[in-house]
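Here the sequence shown stands for residues 298 to 679, where the numbers follow my numbering.
Cβ coordinates follow ideal geometry from the N, Cα and C atoms, glycine included.
Note that the structure is predicted; figures quoted are calculated from it, not measured.
Here's the structure we're looking at; comments come further down.
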Amino acid sequence: MGAQKPSVLMVSANFHPYIGGAEKQALELSRALLALGVDVTVLTRRVGGLAGEERVDGIRVRRLPAWGWGFVDSFVFMAATFAWMLLHPRRFQAVHVHLAGSPALAACLAARLLGKRSIVKLGGGKGIGELAASKGSIPGRLKLRALAALDPQFVAVNRELVAELAEHGLPSARVVIQPNGVDTRHYRPPAGDEKARLRADLRWPDGLCFLYVGRLAPEKRLDVFLEELGRALKEAPDGFAVLIGKGEVEKLLREVASASGLKGRVSFMPPTAEIGKLYRAADVFVLPSISEGLSNALLEAMASGLAILASRVGGSAEAVVDGGSGYLFEPQDFGTFRARMVQLLKTPGLAGRLGAQARDDVRARFDLAAVARRYRELYGLY
């Protein structure tokens, strides 16, 4: 018999077509691993009438039973994951769990019993992600202790999460920093007059475009962005903003835009599969979050040649070279935030120069193919 094809099992409570940040990375990484010759199977919950088993871009997706709410839903998926892994040990050589939620316990226990390597990728930003949420309850703290006892390889996307893991009483846990990756072939800068044509199609105005892509959530502090943009445009009026996403603060943001004198200067758009075109039509990507893991949208914007204007937190602080690929500001330093917007508005060509460096940096450090190769090594698949 020939050698077994390298294989990995991805475990994620949600997966395509549900796409949040962690789910998007799971899908993109699975695609990249397939391109490297690794067989990928995804275990996820069966919800919304989706098929129990199908192929998504060549990825085998097995959706397991999920019913009830809260603890019941979690317990059913945990039990189904544990049973499936024990019944199908030849389908995978390593297991990669996305997020350190309750499914990670079942997956890591099954992997331990089967003698297979297990990886648990942490999610969220410091103080607001899953580690902080777990610390807030006795079951959550017990879950983290149980995970540490099972001794998986923890993966964090930035140094802040490594430190937070230690703060939660797990200083001996094995952890490696592995940033997210981005497909630098799919996300690319505009070619020739493409930006002008895209803006004409979108009916965007002339001027410098500040773009945000992601959830409209309180921790993103987009209300601060809109307030400071209103002040910046009084000094340098040739600019506008586009916010792409949905979330609980959308109504508030519309009210802030109106109160900040931004009528006609701010557009709200829903999430779209054509996001690459919108990056290529913009100039500056804005991410003023109070905390971040490592934003997929940030990396996509960098790959698309946008200058970055972000708060100095989490993965943003590690991905962006201040004054090179963009500008960073301290989370509470709104004066510098506004000053950098004014500088970008008043300096012709500055956003383009920063964006070109952002593109070079992301290709060197975050290219998805290279990230997939490093994960293959973590799995022990050579």
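Item: How would you label H483, buried or exposed, when you count the other beta carbons within 10 angstroms and need 16 or more for buried?; Value: exposed
Item: Let me know if A332 comes out buried or exposed under the rule of 16 or more other beta-carbons within 10 Å of its beta-carbon.; Value: exposed
Item: In angstroms, rounded to a whole number, what distance separates the CA positions of S434 and C506?; Value: 43 Å
Item: Report the three-state DSSP secondary structure of A604 (helix, strand or coil).; Value: strand
Item: Report buried or exposed for W381, applying the criterion of at least 16 other Cβ atoms within 10 angstroms of its Cβ.; Value: buried
Item: Give the straight-line distance between the Cα atoms of R342 and D354, rounded to the nearest whole angstrom.; Value: 18 Å
Item: Here's the rule: buried if 16 or more other CB atoms are within 10 angstroms of the residue's CB, otherwise exposed. What is G299?; Value: Because G299 sits at a pLDDT of 47, beneath the cut-off of 50, its placement in the model cannot be relied upon, and the following sentence gives the value as read from the coordinates. By the 10 Å Cβ count, G299 comes out exposed.
Item: Which of helix, strand or coil does DSSP assign to T633?; Value: helix
Item: Are the C-beta of G561 and some C-beta of chain B separated by less than 8 Å?; Value: In the structure shown, chain B does not exist; there is a single protein chain.
Item: By Cβ distance below 6 Å, which residues in the same chain neighbour G652 in space, the five residues on each side in sequence not counted?; Value: G602, L603 and A604
Item: According to DSSP, which residues form a beta bridge with C506?; Value: F537
Item: Could you check what DSSP says for Q450 in three-state terms: helix, strand or coil?; Value: strand
Item: My output table needs one value for S555: the three-state DSSP class, helix, strand or coil.; Value: helix
Item: Terminal residues of the continuous beta strand (DSSP E) containing V659?; Value: No beta strand (DSSP E) contains V659, which is instead part of the alpha helix (DSSP H) from L647 to R662.
Item: Please report how far the alpha carbon of Y293 lies from the alpha carbon of P568, in whole angstroms.; Value: The displayed coordinates of the chain run from 298 to 679. Any statement about residue 293 would go beyond what the structure contains.
Item: Looking at the structure shown, is L575 part of a helix, part of a strand, or coil, going by DSSP?; Value: helix
Item: Which residues mark the beginning and the end of the alpha helix (DSSP H) in which D498 is found?; Value: E491 to L499
Item: Using the DSSP secondary-structure output, state which residues sit across from M307 in a beta bridge.; Value: V339 and H393
Item: L606 and F565 look like a contact to me (Cβ under 8 Å); what is the Cβ gap, rounded to whole Å?; Value: Contact doesn't hold; Cβ gap of about 19 Å is too wide.
Item: Please name the residue, chosen from A600, G621 and F626, that lies closest to G611 on a Cα-to-Cα basis.; Value: F626
Item: Span of the beta strand (DSSP E) holding G623?; Value: G623 to F626
Item: Do the CB positions of V358 and V339 come within less than 8 Å of each other?; Value: yes
Item: Please confirm whether any heavy atom of the ligand COA lies closer than 7 Å to the CB of E552.; Value: Ligands displayed in this structure: none; no statement on the ligand COA is therefore possible.
Item: Does DSSP put L347 in a helix, a strand or coil?; Value: coil
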